[in-house]
Amino acid sequence: MNTVRLTMAQAVIRYMMAQKVDIDGELKPMFAGVWAIFGHGNVAGLGEALYHVQDELPTYRAHNEQGMAHAAIAYAKTLNRRQMMACTASAGPGSTNMVTAAAVAHVNRLPVLFLPSDTFATRLPDPVLQQVENFHDHTLTSNDCFKPVSRFFDRITRPEQLLTSLPQAMRVLTDPVECGPVTLAMPQDVQTMAYDFPGHFFAEKVHRLRRQSPDKQELAAAIELIRQSKKPLVIAGGGVHYSGALSELDALVSTYHLPVGETQAGKGALPWDHEQNMGTIGVTGAASTNALAAEADLIIAVGTRLGDFASGSRSMINPNARLLCLNVASFDAVKHKGQPLVGDARLTLSEVQWALGEWQPEGAWIEKAAQLRAEWNKTVDIATTDRGTNLPTDAEVVGAVNRAAGEKDIVVCAAGGLPGELQKLWRTRNDRGYHMEYGYSCMGYELAGGLGTKMAKPDSEVFVMVGDGSYLMLNSEIATSVMLGYKIIAVVLDNRGYGCIHRLQQFCGGPGFNNLLDDCLTVEGGAPKTDFAAHATALGARAEKVNDIQELEAALERAKASNVSYVITLDTDPLRDTKEGGSWWDVAVAEVSERSEVEEARKRYESYKTRQFQNL
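Rendered as structure tokens:
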């Protein structure tokens, strides 16, 4: 048998390079690159292996391990999970810094290959620098933190274990159901150990998206449900994008005049001005879609896991409505008492359309949907118009950035109050023009995610909208974007604190406490005013501070003309958000309190819990 002698680290890299993906008939590398921050644990193993192939498999140096993993996540999301990246960090804190990002990838079901360095498998030099010693179980290391946030986990303690582990890793990374982060913990001594690997193990492997057809009985039951309905509503989730089912969704809903509401992950499944696009749904959804959900007799959920924001914490949808869940994952298809229709969205939507024949919804339902849609679009127009207020609202800023964005441009966000304003108000005709990490809603994702998005779509302008709180949590990848030449445009909305949670705190009856900088513990004189423009400039970007929407619009034009990353900051109102639209969100309120405001909030909470119970 033909063999090749390689270290474990060299074998991992060679195997990764052999993986290809067929995208519309074009073969591309499955792994577009490796993010690496070297330290003891990987510099002499994986670092040595990556050095020799850097022209074929690029190695990208970042400034923060969590940030580089966010960039890898955003890259995979932007390319609909068809291509991906790997991330490696040093043993100890470097690797555990990636755990939060692994959770982001897990919740959002996005493929990233994590290669955290681990302590010595031989244990001969133990305890080594940065090793976490476990008194009762010597097999545990800090990398075991990856287990609950990985779809597949293995610790490679012998080089030959790769022969069975790597194929399983690729199975998970490319599977439409199990897709998510894979972690292969790599003891630093084992990375350097050699083995005679079979030559065929590194033969080119071409991956193609597996498409599962629906079960005939489930399909027949689904068709019967739809034919019985008079007031159906479709909810489009992220699975529509990952299946590439955009045209199939368009054909179905256009043929049968089905109103469509989009989740955060599903936004862009239809162009915003499509006649059947009612806007988004849920806690931060459009008034039009939420009104239809409250009256619909059938909800057709396509490619969505129906999280609390999409379902209004199970209180918003008509409790008498039937639910049909079309999903490639049976785990999601049976949620909320749904009638499951397990299958690939592209294949299944086509079969549904073919089987429905001459059926149509009730004429009055079609007319009502059109009327509500027109009313909501007027609401959006008003909310996003510059009103010349002293402190601009988030909605006014969203409007300005949206007007500056072109047809192929992308907005990126993740946490705080901005996701709600963007879900309601952002308009995109580009199916990937809206990039929201809202499965984990991880503060600090925004700027790093913008970098990964730009790497995936270098011909698009990438607008990162980020609050001052998230900016201060993780901003180092601005320097990385400048270093690598991937320009992003960041708009920093400075409301002097965590404005979204401040508003939620007040809604739950609490006083302003520890969220806005004015309400938290500070030295005499208060918290300093952060000069975000000066900070971004120090990281190598171009930056400026503006005072109002008119100045913001002019600055956005300068940012688009720039050839390096550009940061614009402005002060915004922490108290005002778009009241129109939306629904209740289940955030538990204290049952006993000295504050009468909390007691009132608790009564309101219990009334919504009663409605929620009807949908269980």
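Residue numbering for the sequence shown follows my numbering, starting at 1 and increasing by one per position. Yeah, the Cβ is synthetic: ideal placement off N, Cα and C, and Gly gets one too. Being a predicted model, the structure only gives us computed values, none of them experimental.
The beta strand (DSSP E) that contains residue i, what's its start and end?
i: THR304; result: From DSSP, THR304 is part of no beta strand (DSSP E); its letter is neither H nor E.
i: HIS138; result: HIS138 -> no beta strand (DSSP E), and no H or E assigned at all.
i: MET278; result: 277 to 280
i: CYS413; result: 410 to 413
i: ASP571; result: 566 to 571
i: HIS257; result: Here HIS257 belongs to no beta strand (DSSP E), and DSSP marks it neither H nor E.
i: PHE624; result: Because the chain is modelled from 1 through 616, residue 624 falls outside the range shown and cannot be assessed.
i: ASP494; result: 489 to 494
Identify every residue that forms a DSSP beta bridge with residue i.
i: ARG427; result: In the DSSP output, where bridge partners are listed per residue, ARG427 has none listed.
i: SER117; result: MET186
i: ILE156; result: Answer is none; ILE156 lacks a bridge partner.
i: MET436; result: CYS413
i: GLN339; result: LEU324
i: ASP196; result: ARG5
i: PRO232; result: LEU298
i: ARG617; result: One cannot answer for residue 617 here, as it falls past the ends of the chain, which runs 1 to 616.
i: VAL21; result: LYS28 and HIS207
i: CYS87; result: TRP35 and PHE114
i: GLY497; result: LEU516
i: ARG542; result: TYR566
Have a look at the options and flag the residue whose alpha-carbon is nearest the alpha-carbon of residue i.
i: LEU341; options: CYS179, LEU324, LEU347 and LYS424; result: LEU324
i: ARG109; options: ASP332, LYS378, SER460 and TYR605; result: ASP332
i: ALA534; options: ALA448, ARG210 and TYR566; result: TYR566
i: THR59; options: GLN66, GLY199, HIS70 and LEU46; result: LEU46
i: ASN318; options: GLN612, ALA383 and VAL4; result: GLN612
i: ARG151; options: THR174, LEU140 and PHE135; result: THR174
i: VAL379; options: MET278, GLU524 and ALA364; result: A small correction: the amino acid at residue 379 is Thr; Val does not occupy that position in the sequence shown. Closest by alpha carbon: MET278.
i: VAL260; options: ASN2, ALA310 and THR164; result: ALA310
i: LEU50; options: ASP386, THR164, ALA36 and THR480; result: ALA36
i: PRO198; options: ALA101, GLU160 and GLU524; result: GLU160
i: CYS442; options: VAL99, MET84 and GLU48; result: VAL99
i: LEU292; options: VAL546, TRP365, GLN339 and GLY525; result: TRP365
i: ARG61; options: ILE73, HIS52 and PHE38; result: PHE38
i: ALA639; options: GLY33, PRO574 and ILE156; result: Coverage of the chain is limited to positions 1 through 616, which leaves residue 639 absent and any answer about it impossible.
i: GLY363; options: TYR256, ALA203 and PRO29; result: TYR256
i: ALA538; options: PRO511, SER165, ALA395 and THR480; result: THR480
i: GLY180; options: ARG208, THR164, PRO148 and THR157; result: PRO148
i: ALA105; options: ALA220, VAL43, GLU437 and ASP137; result: GLU437
i: ASP409; options: LEU246, ALA554, SER460 and ASN290; result: SER460
i: ALA543; options: ILE549, PHE532 and GLU551; result: PHE532
i: GLU204; options: GLY525, ALA536, ASP548 and PHE31; result: PHE31
Which stretch, first to last residue, makes up the alpha helix (DSSP H) that contains residue i?
i: MET17; result: 8 to 18
i: GLY94; result: 93 to 96
i: LYS378; result: 363 to 383
i: SER465; result: Inspection of the sequence shows that residue 465 is occupied by Met rather than by Ser. Premise fails: MET465 lies in the beta strand (DSSP E), 462 to 467, not in any alpha helix (DSSP H).
i: GLU606; result: 596 to 614
i: PRO167; result: 162 to 174
i: ARG618; result: Nothing in the structure corresponds to residue 618, since the chain is present only between 1 and 616.
i: MET68; result: 65 to 78
i: THR480; result: 477 to 484
i: LYS560; result: 549 to 561
Rounded C-beta distance between residue i and residue j? I'm assuming under 8 Å.
i: GLU420; j: ASP577; result: Going by the sequence as given, residue 420 is Gly instead of Glu. Yes, GLY420 and ASP577 are in contact; Cβ-Cβ is about 7 Å, under 8 Å.
i: ALA631; j: SER243; result: Since the first residue shown for the chain is 1 and the last is 616, residue 631 is missing from the structure and cannot be characterised.
i: SER288; j: ARG373; result: 5 Å
i: LEU252; j: ALA236; result: Contact doesn't hold; Cβ gap of about 11 Å is too wide.
i: VAL592; j: CYS508; result: The Cβ separation is near 14 Å, so there is no contact.
i: TYR580; j: ALA383; result: Inspection of the sequence shows that residue 580 is occupied by Glu rather than by Tyr. Between ALA383 and GLU580 the Cβ distance is about 7 Å, and since that is below 8 Å, they are a contact.
i: VAL107; j: GLY444; result: That belief does not hold up - the Cβ atoms of VAL107 and GLY444 are roughly 15 Å apart, past 8 Å.
i: LEU517; j: ARG496; result: 5 Å
i: GLN276; j: LEU258; result: 6 Å
i: PHE114; j: THR183; result: 4 Å
i: LEU493; j: LEU418; result: 7 Å
i: VAL3; j: ASP196; result: Note that residue 3 is Thr in the sequence shown, not Val. Contact flag correct, Cβ pair sits at about 4 Å.
i: SER476; j: ASN64; result: 5 Å
Can a CB atom of chain C be found closer than 8 Å to the CB of residue i?
i: LEU219; result: No chain C appears in this structure, which consists of one protein chain only.
Exercise. Between the region 180 to 192 and the region 220 to 231, do at least 3 Cβ pairs fall closer than 8 Å?
Worked result: Taking 8 Å as the limit for Cβ pairs, the verdict is that the region 220 to 231 does not touch the region 180 to 192.
Exercise. Between the region 412 to 426 and the region 449 to 467, do at least 3 Cβ pairs fall closer than 8 Å?
Worked result: Touching, yes.
For this session: Taking 8 Å as the threshold, find out whether the region 118 to 133 comes into contact with the region 75 to 82 through three or more Cβ pairs.
Result: Not touching, per the Cβ criterion.
For this session: Pair every Cβ in the region 486 to 499 with every Cβ in the region 438 to 452, then say whether three or more of these pairs are closer than 8 Å.
Result: The region 486 to 499, when compared against the region 438 to 452, does touch it at the 8 Å Cβ threshold.
For this session: Could you say if the region 312 to 322 and the region 392 to 405 meet the contact criterion of at least three C-beta pairs nearer than 8 Å?
Result: Two segments are said to touch when three or more pairs of C-beta atoms, one from each, lie closer than 8 Å; by this definition the region 312 to 322 does not touch the region 392 to 405.
Exercise. Would you say the region 466 to 484 touches the region 92 to 100, given that touching needs at least three Cβ pairs under 8 Å?
Worked result: Flag = no, the region 466 to 484 and the region 92 to 100 do not touch.
Problem set entry | At least three beta-carbon pairs within less than 8 Å, the region 140 to 150 to the region 196 to 213 | As far as the Cβ criterion goes, the region 140 to 150 does not touch the region 196 to 213, which means the pair count is below three.
Problem set entry | the region 289 to 305 / the region 262 to 271 touching (three or more Cβ pairs under 8 Å) | Verdict: yes, contact present.
Exercise. Are three or more beta carbon pairs between the region 3 to 18 and the region 62 to 69 nearer than 8 Å?
Worked result: Flag = no, the region 3 to 18 and the region 62 to 69 do not touch.
Exercise. At a cut of 8 Å, does the region 270 to 277 reach the region 427 to 445 through at least three beta carbon pairs?
Worked result: The region 270 to 277 makes contact with the region 427 to 445; the number of CB pairs closer than 8 Å reaches 3 or more.
Exercise. How do the region 176 to 188 and the region 111 to 125 stand: do at least 3 beta-carbon pairs fall below 8 Å, yes or no?
Worked result: Enough Cβ pairs lie closer than 8 Å, so yes.
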